[in-house]
Every structure is written in structure tokens, then in C-alpha cells.
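First the structure, in the form of C-alpha cells, and then the observations on it.
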Amino acid sequence: MDESRRWTRRVFAPLAIICIGSLCVALFVLPLRTWSRQRTVIAQRTEQLNAYEDINASLQEEVDNLKTPQGAQEAVRSQLGYLAPSEKRVPLLKSPSASGDLPDRWPYSIVTNILKINLETSTADPTSGILSKLQP
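In the working numbering, the protein residues as written are 520 to 655.
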């Protein structure tokens, strides 16, 4: 009988160790690994949520600004280039001077005549500029 107990211990002892080890892994190691991954994912999602909340807050501020008459007027002015009737558009840079040396043949003679007429009108009336035609 002593021999059968040894044989039973030799067979069941490794099986019992494997079962206990598997149980420990299932109860402690796998949940800890999952918990660690979940913490990382929650931290990432929290950062994304904060970024989305910032974007939503800035968009809400823009919407609130556009609901006011001043905000709407500012948006139309900046995005569409609208000018009030009393305003005048002023160029920030001088227009580059183009060379007027063109051949005397057609169609260049027509362009030369147009340039001469524009030069005469601009010297006669100094308040008229190139961009004055663009005003509403």
C-alpha cells in the first residue's frame, strides 16, 4: 500500500501544482494585467475628452460671438472682405510699376493706348487709385 501512495503522490502532486498555479494566474495575474491596460486606456481617453471639451468650448465661444451684431459684422468683414459704405480700402503695398516698352504693332498698340489713358487719369485725379474700383 505504501507503494500505491507514492505512485499516487508522484502523479497527482504535479497536477495539483499545475492546477494551483493556473488558479493563481487566473485570479491574480490576468486581472492585474487587464487593470493595468484599462488604466492606460482610461488615461488616453481622458486626454482625448479634455481636448474635445477644449475644442467645444472654443467653438461655443465663437458661436456666442457670432450671435452678437458686432461679432457677426466682424466675421463678415474678416472672412468676406465687406466694407461699410463710409469706409475706403487702402492698399498696404504700392503697386509694382510695369514696363511700358511694348512693340508698336497690333495688339500692343491698343494696350499702350490703355496704359496712356490710365496714366493721364491717375495724374489728373490723385484720389482715384487702382483699388477704388473695388469699393462697394
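Backbone N, C-alpha and C fix where the C-beta goes; we use that ideal spot for every residue, glycine too.
- Taking 4 residues as the minimum length, the alpha helix (DSSP H) runs contained wholly in the stretch 584–624 are 588–599, in order along the chain.
- Excluding its 5 nearest sequence neighbours in each direction, V582 has no C-beta neighbour in its own chain below 6 Å.
- Secondary structure at P533: helix, using DSSP grouped into helix, strand and coil.
- L638 is the residue among P610, L611 and L638 whose C-alpha sits nearest the C-alpha of S618.
- Rounded to the nearest whole angstrom, the CA to CA distance from S605 to I561 is 57 Å.
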